[in-house]
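As you go down the protein sequences, you meet chains A and B in turn. Residues 1 to 258 (the working numbering) make up the first sequence, in order. Residues 259 to 518 (the working numbering) make up the second sequence, in order. A short worksheet on the structure shown next.
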Amino acid sequence: MGAAIRAFGVSRAFEDGSVALDGVSLEVAPGSVAVLVGPSGCGKTTLLRMVAGLDRPTRGTVTVEGVGPEGAAAAVAIAFQEPRLLPWRSTVRNVALPLELRGVRRRERLARAREMLGLVGLGDAHRKLPGQLSGGMRMRAAIARALVTRPQVLLLDEPFGALDEITRHVLDDLVLAIRAELGMTVVLVTHSIAEAAYLGDRIFVMAPAPGRIVRTVEPGFAARGPALRASVPYATLMADLLHSLGTAMAASAGGRAA
Amino acid sequence: MSAIRSFMRGAVPPAVMVALLVAAWQGCIWAFRPSAYLVPAPMDVLRAAAEMREPLADAAWITGASAAIGFAIAAGAGVLAGSVLAAVPFLMRGLYPIATLLQMVPLVAIAPLLVIWCGYGPRTAVASAAIVSVFPVLAATLDGMRGTDRGLVELFGTLRAGRLQRWWKLELPWAIPSIVTGLRVAAGLSVIGAIVGEFVGAFAGDESPVGILILSAMRENRTDLVFAAVAVAAIVGFVLFGLVSLGGWLLLRRWHASAA
Chain A
1 MGAAIRAFGV SRAFEDGSVA LDGVSLEVAP GSVAVLVGPS GCGKTTLLRM VAGLDRPTRG
61 TVTVEGVGPE GAAAAVAIAF QEPRLLPWRS TVRNVALPLE LRGVRRRERL ARAREMLGLV
121 GLGDAHRKLP GQLSGGMRMR AAIARALVTR PQVLLLDEPF GALDEITRHV LDDLVLAIRA
181 ELGMTVVLVT HSIAEAAYLG DRIFVMAPAP GRIVRTVEPG FAARGPALRA SVPYATLMAD
241 LLHSLGTAMA ASAGGRAA
Chain B
259 MSAIRSFMRG AVPPAVMVAL LVAAWQGCIW AFRPSAYLVP APMDVLRAAA EMREPLADAA
319 WITGASAAIG FAIAAGAGVL AGSVLAAVPF LMRGLYPIAT LLQMVPLVAI APLLVIWCGY
379 GPRTAVASAA IVSVFPVLAA TLDGMRGTDR GLVELFGTLR AGRLQRWWKL ELPWAIPSIV
439 TGLRVAAGLS VIGAIVGEFV GAFAGDESPV GILILSAMRE NRTDLVFAAV AVAAIVGFVL
499 FGLVSLGGWL LLRRWHASAA
C-alpha cells in the first residue's frame, strides 16, 4: 500500500537566510499515527503546515494521498495549538463550520456536527458557547470540527500543549479512539516525548538549526492504555528518544559554535 | 430580582446627579437673580415645555426621524466602506487619510453646500446627520476588521473559505464589538448633524423641527423655550443612543456570554 503522506528532500528557507527545514524526507502509512517530536525551532510545525497546504517547500516535494497538498485539501483537516473557535457561535455551530463553508444544508451539517461532538465526548455541550467550555473541552470541540468533514488525514499541531497532564492523557486516548473509529491517518506535532512515545506508530525525531529528521523510531506497542504508561518498554523508549534529542541538540550547538 | 437591582444601580446615580444639577441651577437663580432672558429658572423652562408640548413633540419626532435616517445611512455606508477598505489595502492607504482629513472639516462649514445640493427641507438635515456620523462607523469597522484574529483567518484559509464567506462569517462578526462602539458614537452625532442641517436648511413647510424651534424661540427672546428645545434635542439623542445601545447589547450577547 502507498504512503498517505510523503515528503521528499523538503527544504524551507526564508528571505532572511534562516533555514527551517533542510532535506527532510518521510513517509506516513495510511491509518497510522505519525509523530513529529523535537524542540522549538526544529521545523516540525513548518513541515505540518506544508502537508496542510499552508506553506510551500523551497525545495523538494510533499504529497498527500498521491497529490500535492492543494489538490488534497478536501482530504486533510488540521487542529491547531489553540482551539480557534468562533466565540459568538455555539459549539455545534463551530463544529459545523467546515460543512457550512462547503454549502452543506443546515439540518445535515448540524446532525453531523452533533455526531462528532458525541464522538469526542461533548454530546451534552453542543449549545454552549466556547467561553463556557473548559480548555480541554474547547480542544475536543476543535478536534470535532477537524473531523466533521471525515478527512483522510488529520493533522494535529501541538493541540494539547496548553493543557494539564491528566487532560492530555485523556485526549491522547481520544485521538487513538478516533483513529480506531474513523480510520484516518494522523500526524501529530509535539514537543512532549511522553506523548510521542505513547501515540506514535512511527516517531520522527527532529533537531533544529537546520530543521531535520535525526531518527525514525517505530515502537511497535501492541496496545495503549494506563498499563503502557507504567511499563518498562515505554520508559525505555522515552529515555531513548530523550537521548536521541540530546545528542542531536548537542550536534546542532556544536555546528553553530564551529 | 437581580435585574431590578442592576437597573437601580445603573439608573439611580444619574437620576440623583440630574436632580442635584437642577437644584444647583435653581440655587444659582435664587442667589444671583439673573435676567430670565439670560438664564431662565428650571420651573420657567418646565412651564414653557408644558405650554409648547405639542410643537416640541412634533419637533422631536421630525428631528428624530432625520437623525435616525441619517444614522441608518451612515451605519450602512460606514460598515460597507470600512469593509472595502479593510479588504483592499491599496484603497485603505489611499482613501483613509483623505477620509480622516474630510472628517476634520467642520460640519457647519459644509452645511451650506448641503442646502445647495439637497435643497431646503428635511433632506439637508438627513444628509448632514449622515455625513457627521459616517466616519466613526467607518473607522470602527476598519479597526475591528483589521484586528481579526490571525489564527482564525488562517483557519478559514485551511477550510478554503471564499473572500465573501470570510467577510460574512468571520470578519464582520469579529468586528461587531468595535462597530457597536462606532454606532453609539454615531448615534449621538447624528442628532447634532440633523440640528445643524435644520439650522442652515430652514424648513419651507409648516413643520418645525428642533433646530427651527430653537432659532424661532431665540428670535422671540424665549430663552425658556430655547432651553426646553435643547432638552428635547438631548432626549432625542438619548433615545437614539439608547436604542443603538440596546441593539448593540442584543448583538453582543453571545460575545459577553462567551467571555464570561
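Beta carbons: idealized from backbone N, C-alpha and C, even for Gly.
Closer than 9 Å to chain E by CB, A/Phe14: Here chain E cannot be found, since the structure's protein chains are A and B.
Within chain A, partners of B/Leu413 - CB distance below 8 Å: Phe80, Arg84
Beta carbon proximity, A/Gly53 to chain B, threshold 9 Å: yes
Cβ pair count under 8 Å reaching 3, the stretch 208–222 of chain A against the stretch 176–189 of chain A: no
Rounded C-alpha distance that separates A/Ala3 from A/Glu27: 6 Å
Contacting residues, own chain, Cβ-Cβ under 7 Å from B/Phe283 (five flanking each side not counted): Checking the sequence, you will find Trp at residue 283 of chain B rather than Phe. Result list for B/Trp283: Pro300, in chain order.
Expected contact under 8 Å - CB spacing of A/Val217 and A/Leu188 to nearest Å: Contact flag wrong, Cβ pair sits at about 14 Å.
Listed by chain order, chain B residues near A/Leu110 by CB distance under 7 Å: Result: empty, since nearest Cβ-Cβ is about 16 Å, beyond 7 Å.
Own chain residues within Cβ distance below 7 Å of A/Arg49, not counting five before or after: Asp55
Where A/Ala258 sits in the DSSP three-state scheme: Confidence is the limiting factor: at A/Ala258 the pLDDT is only 49, short of 50, which leaves the residue's position unreliable, though a coordinate-based value still follows. Coil.
From B/Leu359, B/Pro364, B/Ile389, B/Ala318, residue whose alpha carbon lies closest to that of B/Ala332: B/Ile389
Buried versus exposed call for A/Trp304 [16 or more other C-beta atoms within 10 Å across all chains shown]: Any answer about residue 304 of chain A is impossible in this case: the structure gives chain A only from 1 up to 258.
N- and C-terminal bounds of the beta strand (DSSP E) containing A/Ala79: 76–79
Sub-9 Å separation of A/Gly131 and A/Thr167 beta-carbons: no
Euclidean distance between Cα positions of B/Glu429 and A/Ser90: 17 Å
Alpha carbon of A/Thr190 to alpha carbon of A/Gly17, nearest angstrom: 26 Å
Length-filtered (4 minimum) alpha helix (DSSP H) runs lying within the stretch 118–180 of chain A: 135–147
Nearest to B/Gly500 (by Cα), restricted to the options B/Leu441, B/Val454, B/Val276: B/Leu441
Test item: CB-CB of A/His126 and A/Val95 under 9 Å: yes
Contact list for B/Gly409 against chain A, beta-carbon separation under 8 Å: Phe80, Glu82, Arg84
Euclidean distance between Cα positions of A/Val35 and B/Leu396: 47 Å
Span of the alpha helix (DSSP H), counted from its first residue to its last, around B/Arg404: 380–404
Host beta strand (DSSP E) of A/Gly66 (start-end): No beta strand (DSSP E) holds A/Gly66; DSSP gives it neither H nor E.
Residue-chain proximity (B/Gly336, chain A), Cβ-Cβ < 9 Å: no
Residues that B/Arg351 contacts on chain A, provided the C-beta gap is smaller than 7 Å: What B/Arg351 touches in chain A: nothing, since even the nearest Cβ is about 23 Å away.
Beta-carbon proximity check, B/Leu372 vs B/Thr358, cutoff 9 Å: no
Per-residue DSSP class, three states only, for B/Phe499: helix
Beta carbon proximity, B/Gly285 to chain A, threshold 9 Å: no
Proximity below 9 Å, CB of B/Pro467 to CB of B/Ser324: yes
For A/Val175 and A/Glu70, the rounded distance between their alpha carbons: 25 Å
C-alpha gap between B/Trp288 and B/Leu279, whole angstroms: 14 Å
Cβ neighbours of B/Ile531 in the same chain (closer than 6 Å, five flanking residues each side left out): What is shown of chain B runs 259 to 518, which leaves residue 531 of chain B out entirely.
Which of helix, strand or coil DSSP assigns to A/Leu13: Note on residue identity: the sequence assigns Ala, not Leu, to residue 13 of chain A. Strand.
Local conformation of B/Met310 per DSSP, three classes: coil
B/Val468 beta carbon near the ligand COA (any heavy atom closer than 8 Å): Questions concerning the ligand COA fall outside what the structure shown contains, since it holds no ligand whatsoever.
B/Ala311 at chain A interface by Cβ criterion, 9 Å: According to the sequence as given, residue 311 of chain B is Arg; it is not Ala. B/Arg311 does not count as touching chain A.
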